[in-house]
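Visitor: Below you'll find the structure I mean.
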Amino acid sequence: MSTVYSVTQLNNEIKDLLDAVPGYRSLLVQGEISNYKAHSSGHHYMTLKDEGASVGAVMFRSDAMRLKFRPENGMKVIVRARVSSFPRTGQVQLYVSEIVPDGAGALNLAFEQLKNKLASEGLFDAAHKKTIPSAPAHIALVTSPTGAAVRDMIRILGRRWPLARVTLYPALVQGPGAAESICRALALANAVGEADVILCGRGGGSMEDLWAFNEESVARAIFSSGIPVISAVGHEPDVTIADFVADLRAPTPSGAAELAVPDRAEYALSVRRLDARLHAAATKQTSAARQRLTALHERLALRTPAKYIDEKRLLLDQTAERLQAALPARLAREGQRLAMQRQRLSAAGQQLTQKKRLCFARAVATLDAISPLRVLARGYAVATIGKTVVIDASSLRADDKLHIQFAKGAANCRVTDIEEEA
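Taken in order, the sequence shown gives residues 305 to 726; the numbers are from my numbering.
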């Protein structure tokens, strides 16, 4: 009699059968990703398909954390997985432990994906690039303290520009935790804030060795740096995401040191050239100033105050001679004119004297005619009380004292009787 299985028993037996096949425990499957979904739990669900069939697949969170790129629908991949069944649904599916892009390495694919993402966000735009100082006074190195790169950079910086102070901010540049270590060193250099420029990098190696500089966290830390950053990763052919985000890319760590500082020998040559130009310019200006001074001296000699005074003194002498020559004639003319004026005045004076004598005689005669004395001489008298002349008898009172002035002599009288005009 045939055995009767429950659905659960059947699905569990199918699972046990699949798990018991050694070849199904780790095999490579090639296909195209579809129905891809990254769950919030961290598990990745997808379907692998080709032209004739499809199979479900799941990649648990612990394995997905090692992915260097993000799977996408339509991507052709080769997965390492074990074949098993999920008893609850009876579905046969692949439990994926590793995904490799078919035809392109996982690191290359991750590099291109991150590059396109950051470029679309504008992290590579030239507008965000900060200017590298021409002669920095303080340089920060973010690199491994034990590698050859740090020794090369310090040596070249000391040879080319010994005036700069160099501070090393140690960081892991390879392996687990390297990206986080680089980010911490960059943040510390910015927090201290003493550096004028940061050199961030390491020596050459494989793409896996340099991968820390392709991490998104490092790219964003470089972009967020307030201090200009020069990337100095690997050899000249090596290109990392850090090169695109940095303010300046150097082909090697040694090249970064050369780009970061000027060459003191070139500076010295430039200073000597400037000194020569300054000396030539000063000589030229001194010569021109001397010529101007000579010209001014010659002009001053022609316009000296002494010469001016001499000219005025000569003019004064000439004027004095003309005055001396003109003075006798002028005095003679003025004497003649004065004599003529005297004659005219004398004649006028005589005429005026005769007229005045005649007028005076007439005035004397007139005064004599109207003189009170002439009136008194005819027998009249003048009566006064004090200084008041009495002309009206009614103004008098009995016993008033009168002064009577006669033509010759006077008398004091007292009023005894008043006769008013009838």
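We put the beta carbon where it would ideally sit given N, CA and C, even for glycine.
1. Hey, out of D551, N518 and A499, whose CA is closest to V543's CA?
2. Could you pull the start and end residues of the alpha helix (DSSP H) that G559 belongs to?
3. Would you mind working out which of E355, S389, M379 and S345 sits nearest R329, comparing C-alpha positions?
4. Pick from F373, A569 and E336: whose alpha carbon is nearest that of G356?
5. Going along the chain, which residues of its own chain have a beta-carbon closer than 6 Å to the beta-carbon of D367, five neighbours each way excluded?
6. Should the region 589-603 be called in touch with the region 495-505, which here means at least 3 C-beta pairs below 8 Å?
7. K712 bridges to which residues according to DSSP?
8. Within a Cβ cutoff of 6 Å, which residues of the same chain sit near A281, ignoring the five residues on either side of it in sequence?
9. Please check the pair S338 and N377, which I expect to be a contact at CB under 8 Å, by giving their CB distance rounded to whole angstroms.
10. If you pair each beta-carbon of the region 555-570 with each one of the region 518-531, do three or more pairs fall below 8 Å?
11. Below 8 Å between beta carbons: does that hold for A580 and R506?
12. Helix or strand or just coil, what does DSSP make of E602?
13. Would you mind working out which of M363, L332 and G713 sits nearest G346, comparing C-alpha positions?
14. Looking at the structure shown, is G639 part of a helix, part of a strand, or coil, going by DSSP?
15. Can you list the alpha helix (DSSP H) stretches of 4 or more residues lying completely in the region 515-598, in chain order?
16. Just to confirm, is the Cβ distance from L266 to V537 under 8 Å?
17. DSSP three-state call for C363: helix, strand or coil?
Guide: Looking at the coordinates:
1. Here residue 543 refers to the residue found at position 239 of the sequence shown. For V543, the closest of D551, N518 and A499 by C-alpha to C-alpha distance is N518.
2. The count along the sequence shown starts at 1 and reaches residue 559 at position 255. Counting along the chain, G559 sits inside the alpha helix (DSSP H) bounded by residues P557 to A564.
3. Taking the sequence shown and counting its residues from 1, one reaches residue 329 at position 25. From the listed residues E355, S389, M379 and S345, the smallest Cα separation to R329 is found for S389.
4. Within the sequence shown, residue 356 is the residue found at index 52, counting from 1. Residue E336 holds the alpha-carbon nearest to the alpha-carbon of G356 among F373, A569 and E336.
5. Stepping through the sequence shown from its first residue, residue 367 is reached at position 63. Hits under 6 Å: S401.
6. With a cut-off of 8 Å on Cβ pairs, the region 589-603 is not in contact with the region 495-505, counting fewer than three such pairs.
7. Stepping through the sequence shown from its first residue, residue 712 is reached at position 408. Its beta-bridge partners do not exist; DSSP assigns none.
8. Because residue 281 is not part of the residues shown, which for the chain are 305 to 726, the question remains open.
9. Within the sequence shown, numbered from 1, the residue matching residue 338 stands at position 34. Within the sequence shown, numbered from 1, the residue matching residue 377 stands at position 73. Confirmed, about 6 Å.
10. Remark: fewer than three beta-carbon pairs, one from each stretch, lie closer than 8 Å, so the region 555-570 and the region 518-531 are not flagged as touching.
11. By 1-based counting over the sequence shown, the position of residue 580 is 276. By 1-based counting over the sequence shown, the position of residue 506 is 202. Taking 8 Å as the Cβ cut-off, A580 and R506 do not qualify as a contacting pair.
12. Indexing the sequence shown from 1 puts residue 602 at position 298. The answer is helix: DSSP assigns E602 an H, G or I state.
13. Sequence index remark: in the sequence shown, residue 346 carries index 42 (1-based). Among M363, L332 and G713, the Cα nearest to that of G346 belongs to M363.
14. If you number the sequence shown from 1, residue 639 lands on position 335. Under the three-state reduction of DSSP output, G639 falls in the helix class.
15. Annotation: the region 515-598 contains the following complete segments of the alpha helix (DSSP H) (minimum length 4 residues), in chain order: 520-528, 545-549 and 557-564.
16. Absent from the model: residue 266. The displayed extent of the chain is 305 to 726, so no value can be given.
17. Here residue 363 is taken as the residue at index 59 of the sequence shown, counted from 1. For the sequence presented, residue 363 should be read as Met rather than Cys. The three-state reading of DSSP puts M363 in strand, counting E and B together.
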